[in-house]
Structure formats: structure tokens, C-alpha cells
Amino acid sequence: MNSTVNILDLCDEMLLTILNKLDNVDVLYSLIGVNQKFDRLARSIDFTQSLDLTTISSYGDDNSKIKSIFNRFCFYILPQIQHNIQCLTLDPWSMTSVLSIGNYPKLHKLTLINLKVEMANSIFCTNSSFVSIFQHQISNLVIMINGTSGYQYRWCLCSCIFAQIYMKFTNLTHFQFDLINNCIYALELACLRSECYSSSIVHLNLKVKTFNDCLWLLNGHLSQLHTLVVHVEHIHNTSQIINNKKTVSNLKCFSLTSFSITLEYDNQIIPLFHHMSQLEKLTLSLYVHGRTSFIDGTHLNNYIISKMPYLHRFNFDIVTEIVIIKNEYLPTSDDVRRPLIEKGYNVDCYVDYLGTERGRCHIYSVSSTMERMHVITNKFPDGIFMNVRMVYVSDSMHSIEYDFFVRISQAFPLLEDLTVLSTVNQQKSTNELDEHEQTFSIIEYSHLMTLDLISSHIDYAKQFLLKTSLPRLSTL
1 MNSTVNILDL
11 CDEMLLTILN
21 KLDNVDVLYS
31 LIGVNQKFDR
41 LARSIDFTQS
51 LDLTTISSYG
61 DDNSKIKSIF
71 NRFCFYILPQ
81 IQHNIQCLTL
91 DPWSMTSVLS
101 IGNYPKLHKL
111 TLINLKVEMA
121 NSIFCTNSSF
131 VSIFQHQISN
141 LVIMINGTSG
151 YQYRWCLCSC
161 IFAQIYMKFT
171 NLTHFQFDLI
181 NNCIYALELA
191 CLRSECYSSS
201 IVHLNLKVKT
211 FNDCLWLLNG
221 HLSQLHTLVV
231 HVEHIHNTSQ
241 IINNKKTVSN
251 LKCFSLTSFS
261 ITLEYDNQII
271 PLFHHMSQLE
281 KLTLSLYVHG
291 RTSFIDGTHL
301 NNYIISKMPY
311 LHRFNFDIVT
321 EIVIIKNEYL
331 PTSDDVRRPL
341 IEKGYNVDCY
351 VDYLGTERGR
361 CHIYSVSSTM
371 ERMHVITNKF
381 PDGIFMNVRM
391 VYVSDSMHSI
401 EYDFFVRISQ
411 AFPLLEDLTV
421 LSTVNQQKST
431 NELDEHEQTF
441 SIIEYSHLMT
451 LDLISSHIDY
461 AKQFLLKTSL
471 PRLSTL
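Counting from 1, one number per residue, gives the positions in the sequence shown under this note's numbering.
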């Protein structure tokens, strides 16, 4: 009895189940034109609706092969399926060729990654064919600017690219303007003209220079906005006030992230939240100095949660540092987290004290979706954080021992970027681990690509070089 089954004998449903496990680009490149059945399946909406053509450059180091694959897409595949394409992800290498090939009548979402400032400027700040073709068609636009830019490009980024997109893309509802890989300048929006206005954008995600820029966005310039995701470089004291409170009072989702120290939590941030009575989802990532008490569960409940009656999702990662403790009683970790745990929030925290007067508290959502956590110390407890990709470890008072790095590897299994800052030598060197530790002495960071030990004691370099498996490390 012959038990061999030809793959072409499988039903369409089973073949689609198999093909759906593959990347759309792989399916199209491999099956279009192979035979009638595979060609028909590959042309289905499942594989032609959304394409990420940046994956072609990851096919290997053979430039001739990559070029051959790309040319097959441009001149054979895309012209046949352009009428189905709704979402495209492109990079500078692929963008010009792909967008000039077809009309893409259903295209509504476009993601452009790794753009240099000059290229973004030529696309959006001139009468380019791209703008004339797609300015009334694109409703979802993601732009990722890559690389460093000098001062002269601040105005270009702010007044030209961002403002021109506002004015020209009249049906834009979702807009993400991201600056990646340490692009050194965020957007400065407060300098834009007051008439820069959008009545269509409902979802905005961007990185801005100051808290002033965040307030500018909420001051009536986006009349339909319901979701704002904003990364603020610096939260300083500002005299800016929100005159038109319609936008801020109608917000449904708000995310505020800043990794720089701020002294303005109570003066600037809390008053802003008191205008957000309709908020349903809130994400906070803040590094706060200069308070006389920790931002703890009681504070978050009294000053945020209780002021937002519709709030049903609250994720946070908040450090309160250099707190001058005036009470004789020093709050414990349980004191900090208990009020939120009693209300059903999944949170954890830890506290550090320097003597009896100065303290540091780190409270966070255990189920957070954030990709980066604020600075952690060797008091950081156990937990599993599947979304975190970047961690900064710093402890100027205590050594960071082997067992801590074991916990970190387990707590952040998908960690890609790790910085360790400690000038205190380890109490137990790599060669002095006890028998139990030696049995499991090799710590593995399976996904770590960037490791920064430049400001740390030599003991940590020895540990990572001698007792740590780093199969994907590319930058040290």
C-alpha cells in the first residue's frame, strides 16, 4: 500500500493552514506561477493584502540573490496583485521602485522604516509624485526616521515633515512618527504655527522634545484625537496652559513615557490627568525626583485611578528616587503595592534606602506591555516580562552578584539590550561560585544583541565573557 501523499492532493483548506504559517513574501515569491493550484492560493487575499518587503534584505549576504528576488517582485508579482494590496512596509532600498510600479488602489496603510532625514524631506516637503498620488488615500502612516541629525534638521523635522503631513494627508486617521537608533533630536512642536491643525487624526504616536510639545498636541490642534502615545525627552517646568480642553477631555487612551529625570510630576503631570475624566486606558513610564514621599499604590489610587471613572486598563513603570523621608516609619514593599493589589491590580515593587532619610521606590505593572523598563537595582525581585527588550541595571552602593544575573535572564527571556553600571566589585568572583552555582554556572541570554559594560567594574566583564552564553551578541 502506497502511503505517499502528493501535496497537490491536499484540500485548499489544509494547504492554506500550512501556508499561513509562512511569511507572505515567501509564499508569493515561491508559489506565484508555479502551477495553477498554488498560483490561485498564493493570490488569495490572505497573502496579498499585507506585505513587508523589508524582509527581502534579510535573505542573506548574497546581493545578487537579493536583487533577483526583489526584481521578481517588482516586475512580475506586484503588477499582478497590486489591486489586493492594502498594507505595505518599505525601506529606502525598496520604496522608490515599489511605489512607482503600480497604482495600489486599495492601499491605506503605509510603513516607511529607516528613512534618513534627507529622504523624508524630499518625499513630504516637495511636490513629490508620492504625495500627489497617495495624500488622499493613505489613512494609516508610520514613519521611522533613522540616524543622527544635526541642529539644522530640527526645523526640517518639525515644521516641514510633520506639518506637511498634517496639511497634505487629509484622510489620515492613524499617524506614527518615530525616531529610532538614537536619532538625537525629537520633534519640537510648540514652535509650529497655531493653524497647523488636523480634524481627521484619531490615533497619534510620536516622540517629542519637551512637555510643552505634549501640551501643544492637546491644545485643540487635533479635534478628533482619542489615542495619544507620546515619548517625552524632558519634562521640565512650563508656563504652557491648555486653553482648549476639548481634546484632552475627550481622550480615551493616553501613554506618557519619559526616561529622563523629572521634578515636575506633581506640578505638571498630575494636573493634566485631572482633565482626562473620559480616559479608559492609561500607560505611564516615569522617573521622578524631588518628592517627600513615594509614588505608591495609595497615591496612584487617590490621584489617578479615582479621578478616572472609566479607566479599565492602567499599566505603569514608575521610579521615585532621592525621596527625603520625613516620617519615622520607612514604608516597605508591601506597604507600597498592597493598596493596588487589594483593588485587583497585578503589580510589584521594591524599595531601597540610604540610611533612614533617603529612599528609592520602583513600582510597576507585572503584566505590562512596555519594551523598556526604568533603571533596576539588585533589589529587583523575580517575575516574567515577555515584552521587555531593553534593561538598564545600576547600583552604586552594592555589588551585583551572580544570582541577580540569573534572575535577570529568567525575568527578561527576550532581552536584546542590556547596560550594567556598577563600580562596586563583586563579592564572589566567577571562580569562587559554590558547588550549586557551578552546576548551573553558564547563564544564557539567548536574544541579547547589545551589551554595555563600559562604566562597570572589571568583574562584570569577566562574568559575561567567562560564565555567560551570548549566541546573538553583536555589540559589546
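All C-beta atoms in this analysis are idealised placements derived from N, C-alpha and C, irrespective of residue type, glycine included.
As the structure is a prediction and not an experimental result, all values here were calculated from the model.
DSSP places asparagine 140 within a strand segment (E or B) once states are collapsed to three. Around the beta carbon of glutamate 188, 16 or more other beta carbons sit within 10 angstroms, so the residue counts as buried. An exposed status is given to arginine 40, since fewer than 16 other beta-carbon atoms sit within 10 Å of its beta-carbon. Methionine 390: member of the beta strand (DSSP E) spanning 390-394, first to last residue.
Taking a cut-off of 8 Å on C-beta distances, the stretch 392-412 does not touch the stretch 358-367, as fewer than three cross pairs fall below it. Inclusion of serine 446 and threonine 423 in the CB contact set at 9 Å is not warranted, their separation being larger than that value. If you draw a 10 Å sphere on the C-beta of serine 128, you find fewer than 16 other C-beta atoms in it, and that means exposed.
Look at isoleucine 242 here: in three-state DSSP terms it is coil, with no helix or strand label.
Residue range 211-217 is occupied by the alpha helix (DSSP H) that includes cysteine 214.
Here the C-alpha atom of asparagine 114 lies approximately 27 Å from the C-alpha atom of asparagine 20.
Here methionine 144 has Ile113, Asp178 and Ile180 as same chain residues with Cβ atoms under 6 Å from its own Cβ, once five neighbours each way along the sequence are excluded. With contacts defined by Cβ atoms closer than 9 Å, leucine 15 and isoleucine 7 form a contacting pair. The beta carbon of glutamine 82 sits closer than 6 Å to the beta carbons of Gly102 and Tyr104 from its chain, once the five residues preceding and following it are set aside; these are given in chain order. Taking 4 residues as the shortest admissible run, the stretch 287-319 contains the following complete alpha helix (DSSP H) segments, listed from N- to C-terminal end: 297-303. About 24 Å separates the beta carbon of serine 293 from that of histidine 275, a gap too long to meet the 8 Å contact definition. Contact between isoleucine 161 and asparagine 121 is confirmed by a C-beta separation of about 6 Å, below the 8 Å threshold. Annotated as distal: glycine 383 and proline 339, with beta-carbon spacing of 9 Å or more. Linking threonine 96 to serine 44 through their CA atoms gives a straight-line distance of about 26 Å.
When C-alpha distances from leucine 284 are compared across Ser139, Asn63 and Phe259, the shortest belongs to Phe259. By the Cβ-count criterion, isoleucine 18 is exposed, with fewer than 16 other Cβ atoms from all chains shown falling within 10 Å of its own Cβ. The Cβ neighbour count for cysteine 11, taken over all protein chains shown within 10 Å, is under 16; the residue is labelled exposed. For phenylalanine 259, the secondary structure class from DSSP, reduced to helix, strand or coil, is strand. Comparing C-alpha distances from leucine 421 to each of Val406, Glu401 and Thr89 shows the shortest one belongs to Glu401. In the displayed model, threonine 17 falls within a helix according to three-state DSSP.
When DSSP assignments are scanned along the stretch 71-113, the uninterrupted stretches of alpha helix (DSSP H) that are 4 or more residues long and fall wholly within it turn out to be 78-81 and 92-101.
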